[in-house]
Amino acid sequence: MSKIIQARMEEIIDHISYEIDNSGFAKKLGAGITVTGGGALLKHIRQLVSYKTSLDVNIGYPSRCLLIENPEINLPMYSTSIGLLLNGYHS
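With my numbering applied, the sequence shown corresponds to residues 1 to 91, in that order.
Below you can see the structure in the form of structure tokens.
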């Protein structure tokens, strides 16, 4: 099963890399890529994304945007939801 997951992740990352290259933003990503969501919890995902894209890779944790430290919600799988909530709050 891990080979299947790795193959799908490589396909997804290849598509992301292709879109970055074709968008003209590759040279504008000085800080690299931030991976969020449940996929960010996959073992060695940082290394795989970095290898496939030749960019620095960070894992996004919600605590970077929150003033409270709650280990139950400070997981990458909640980053997108919390980011959307904060964006809606500030809009």
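Where a beta carbon is used, it is the ideal one built from N, C-alpha and C, also for glycine.
Fair warning: this is a prediction, and the values are worked out from it, not measured in the lab.
Among LEU75, LEU55 and ALA26, whose alpha-carbon lies nearest the alpha-carbon of GLY39?
The option with the nearest alpha carbon to GLY39 is LEU75.
Hey, quick one: how far does the beta strand (DSSP E) through ILE33 stretch, first residue to last?
Where ILE33 is concerned, the enclosing beta strand (DSSP E) stretches over 33–35.
If you drop the 5 nearest sequence neighbours on each side, which residues of the same chain put their C-beta closer than 7 Å to that of GLU93?
This structure cannot settle anything about residue 93, because the visible part of the chain is limited to 1 through 91.
Taking the straight line between their C-alpha atoms, what separation do you get for GLY24 and LEU67?
Cα to Cα, GLY24 sits roughly 35 Å from LEU67.
Pull up the CB-CB distance for VAL57 and GLY83, whole angstroms please, since I reckon it's below 8 Å.
With 8 Å as the limit, VAL57 and GLY83 do not qualify as a contact, their Cβ atoms being about 18 Å apart.
Can you give the Cα-Cα distance for ASN87 and TYR61, rounded to whole angstroms?
The straight-line gap from Cα to Cα measures roughly 16 Å.
If MET77 and GLY37 are in contact, beta carbons under 8 Å, what's the gap, nearest whole angstrom?
Confirmed, about 6 Å.
Would a C-beta distance cut-off of 7 Å place LEU55 and LEU29 closer than the cut-off?
Their beta carbons are under 7 Å apart, which means LEU55 touches LEU29 by this criterion.
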